[in-house]
Amino acid sequence: MTDRHTPNSITAFRKRYFPGAGAREWNDWRWQMRHRVRDAKGLERLFSLTEDEQAALQGLNGAMPLGITPYYAALISRDDTRDPLRKAMIPRLGERHALPGEQADPLGEQAHSPVPGLVHTYPDKVLFLVTDLCASYCRYCTRSRIVGKGTLPTARQQWEQAIEYIRNRPEIRDVLISGGDPLILSDARLEWLLTRLRDIPHVEMLRIGTKIPAVLPQRITPDLARMLKRFHPLYVSIHFTHPSELTKASARACSRLADAGIPLGSQTVLLAGINDDLATMRDLMHGLLNMRVKPYYLHQCDPVSGTSHFRTPIEKGVSIIRGLHGHTTGYAVPAYMLDAAGGGGKVPINPDYIKRREGNVWILSNYRGLEYRYAESVDRPTNA
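First residue of the sequence shown? That's 0 in numbering that gives the first Met the number 0, and the numbers climb one at a time after it.
See the structure below:
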């Protein structure tokens, strides 16, 4: 894995912009949370802002808040407005323009929420939103309507209603804990929550959705990894966006989780001008595998209000998957998924390798576009 953000460059950033912080403070995740960039003044101190960015910062009242950890800010170019991480994290005026078809809640989560903080769309699994806070706020967030606004239940007594709902429905075998970002919760609160869910006999697997290893890898402490290890089968889905996020610090965070026996999968959103070319996506997928993270999903960007500048044509995603399949290891090829509007669930979108059918013979094309024939058996043998 190559890391363009060397320890020296990150240290130089720390000494220039946070001169009062030593290495100990910098590597303390709570210090990182306390010193996040939260407003225009903070951004202007770290970056040369464009007129568009400056104008966008004037209208954040009521919109999704700004939040960038000092660690993640160190990965963003100060001057290059084409920097992928900059595009993903610093507001732009495009956020204010909602196009036809865009919605605040395009996936219909609110309509499928039987109790506060719980979304029950699929028969056997639920989405448990345990906080609306994130360490850093991605500007294309599916839940921009609620993140950072204190609207989700976050206290133990508030979680009880959702836990009781799960307990009373034996068909629920899979619980995805998300938010916001659940890994910003303290070890003690996470342990309490995981213990209560693991005590429900029909809950077979627990999953945590997070971006913490990318934006706040200091949070993945040895103590946290040891605690999480107690709740197997436990899976962690990590939101990685671009190869620039694959630093030595994020690799160390992923290693701690993997060494605890936790399977790691990536969920990447396809974003225009950020990662929507084959070379970037291939580098990202290869880098993730080197960090023991299995590329899991490539998501078509949801039509959230004010995200048109992030969304790509579906053909772009299909082209990228076609460029990966067969040209690299299958482990590096994620499933390309679109979340159907209104709670329809995830729909796989893949290149069509079935060309036609001739009787009992299927004509298929491989990754090079060459055609091959597969004959299905007509007379099936019977058991003696």
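Each residue gets a CB set at the ideal place from its N, CA and C atoms; glycine is no exception.
Note that the coordinates shown come from a computational prediction; the quantities given were computed from them, not determined experimentally.
Apart from sequence neighbours up to five positions away, the residues of its chain that approach Lys354 with a beta-carbon distance below 7 Å are Ile362, Leu363, Ser364, Glu370, ordered along the chain. Ser254 sits in a helix when the DSSP states are folded into three classes. The region 30-63 contains, as complete alpha helix (DSSP H) runs of 4+ residues, the segments 39-45, 50-56 (chain order).
Counting along the chain, the unbroken alpha helix (DSSP H) around Arg195 starts and ends at 186-197. In this structure, the beta-carbon distance from Arg291 to Ser254 falls below 8 Å.
At the C-beta level, Val268 and His308 stay beyond 8 Å of one another.
Annotated as proximal: Val317 and Tyr335, with beta-carbon spacing under 8 Å. In its chain, beyond the 5 residues on either side, Lys228, His231 have a beta carbon closer than 8 Å to the beta carbon of Gly260. Around the Cβ of Ile67, a 10 Å sphere holds 16 or more other Cβ atoms; the residue is buried.
Each of Pro242, Gly41, Gly325, Arg138 was checked against the Cα of Thr279, and the nearest Cα belongs to Pro242. Met336 is bridged by DSSP to His298, Pro347.
Straight across, the Cα-Cα distance linking Pro221 with Asn274 is about 32 Å. Between the alpha carbons of Leu287 and Leu323 lies a gap of roughly 14 Å. Under DSSP, Arg85 shares a beta bridge with no residue. Judged by DSSP secondary structure, Met290 falls outside any beta strand (DSSP E); it is assigned neither H nor E.
Classified as buried, Asp338 has 16 or more neighbouring CB atoms from the shown chains inside 10 Å of its CB.
In the DSSP assignment, Val268 falls within the beta strand (DSSP E) that extends over 263-269. Relative to the Cα of Ser135, the nearest Cα in the group Val146, Glu52, Leu193, Pro294 belongs to Val146.
Short of 8 Å from the beta carbon of Arg172, and not among the five residues preceding or following it, lie these beta carbons of its own chain, in chain order: Asp123, Lys124, His201, Val202, Glu203, Met204.
By the neighbour-count definition (other C-beta atoms within 10 Å, threshold 16), Gln109 is an exposed residue.
Residue burial annotation: Pro169 is exposed, with fewer than 16 other C-beta atoms found within 10 angstroms of its C-beta. If you draw a straight line from the Cα of Tyr139 to the Cα of Leu196, it comes to about 30 Å.
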